[in-house]
Amino acid sequence: MLNYIWAAMIAIGIIYGALTGNMEAVANGALDAAGEAVQLCITMIGVMGLWVGLMEIASKSGLITSMTRGIQPFITFLFPLIPKNHPARQYISTNIIANILGLGWACTPAGLKAMEELAHLEEERGNPGYLSQKGERAASNEMCTFLILNISSLQLIPVSVIAYRSQYGSASPTAVIAPGILATAISTAVAIIYCKLRDRSCRSQHFGIK
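Throughout, this note's numbering is defined as the position within the sequence shown, counted from one, plus 113.
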């Protein structure tokens, strides 16, 4: 869908430029934007390298392990049906910690591994196709909860936004930290409440509880 939206916007811009006699401006804009994109990519590669490296240092030093143990009660609260020693808990914890630290790039591998382990868990439960009651392919309850939490995640340091603001000449790139913490704290709280209410509703329907 996004591909169609972007294609339509580009087409409208080109057509409008042609009709108004501004094709030269359209061409120059495209070339300038391409150059800025390359510069931004180089900047973000440096930022990514820095923070992923810090994440690796934190992991080697045992900091991530300590933080993972610290949030296990929270993981149990959100995913009560995942066994305590299941590998999915470790990957989910790592993903949440990386998201909180604003390391969106570093949390992606852990998120993918978490989804794989949750898929294996469904196979262990005898639901290899994650079939819904209508016989359609569907994600498990834990998968949906993890995805919603990942999207709404609390961030203490919005690294990518700060890098973008710095790249484009912001006078105070870090001014977004406090608003970012507030916004993501609210979104995370709403996500947790929603997931728990939906989980309770699904369990009630499954077990016939009113």
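Yeah, the Cβ is synthetic: ideal placement off N, Cα and C, and Gly gets one too.
Contacting residues, own chain, Cβ-Cβ under 7 Å from residue i (five flanking each side not counted)
| i | result |
| --- | --- |
| residue 272 | 160, 164, 215 and 216 |
| residue 188 | 202, 205 and 206 |
| residue 60 | As displayed, the chain neither begins before 114 nor continues past 323, which places residue 60 out of reach and without an answer. |
| residue 136 | 130 |
| residue 157 | 276 |
| residue 177 | 171, 207 and 210 |
| residue 212 | 220, 263, 266 and 268 |
| residue 127 | 139 |
Pairwise C-alpha distance: residue j and residue i
| i | j | result |
| --- | --- | --- |
| residue 168 | residue 184 | 17 Å |
| residue 274 | residue 209 | 18 Å |
| residue 314 | residue 293 | 31 Å |
| residue 290 | residue 133 | 42 Å |
| residue 251 | residue 257 | 10 Å |
| residue 224 | residue 138 | 42 Å |
| residue 300 | residue 261 | 10 Å |
| residue 232 | residue 194 | 14 Å |
| residue 308 | residue 149 | 40 Å |
| residue 285 | residue 123 | 32 Å |
| residue 141 | residue 120 | 19 Å |
| residue 296 | residue 270 | 12 Å |
| residue 146 | residue 114 | 23 Å |
| residue 298 | residue 237 | 34 Å |
| residue 143 | residue 125 | 14 Å |
| residue 255 | residue 116 | 29 Å |
| residue 181 | residue 173 | 13 Å |
| residue 310 | residue 228 | 22 Å |
| residue 191 | residue 222 | 21 Å |
| residue 196 | residue 175 | 23 Å |
| residue 283 | residue 155 | 18 Å |
| residue 151 | residue 179 | 38 Å |
| residue 166 | residue 239 | 39 Å |
Close Cβ partners of residue i (< 8 Å) along its chain, the five nearest in sequence each way excluded
| i | result |
| --- | --- |
| residue 264 | 304 |
| residue 199 | 230 and 234 |
| residue 153 | 277 and 280 |
| residue 312 | 254 and 258 |
| residue 321 | Unreliable placement is indicated for residue 321, whose pLDDT of 49 sits below 50; the coordinate value is still reported in the next sentence. So no residue of the chain qualifies. |
| residue 162 | none |
Same chain, Cβ closer than 6 Å to residue i, neighbours up to 5 away in sequence not counted
| i | result |
| --- | --- |
| residue 226 | 204 |
| residue 118 | none |
query: Taking one C-beta from the stretch 298 to 306 and one from the stretch 271 to 286 each time, how about it: are there three or more such pairs within less than 8 Å?
result: No, they do not touch.
message: In chain order, what are the residue ranges of uninterrupted beta strand (DSSP E) at least 3 long that sit wholly in the stretch 135 to 162?
response: Fully enclosed beta strand (DSSP E) runs of 3 or longer: not present.
- request: Entirely within the stretch 248 to 311 and at least 4 residues each: give me those alpha helix (DSSP H) ranges in chain order.
  value: You should have 254 to 264 and 272 to 280.
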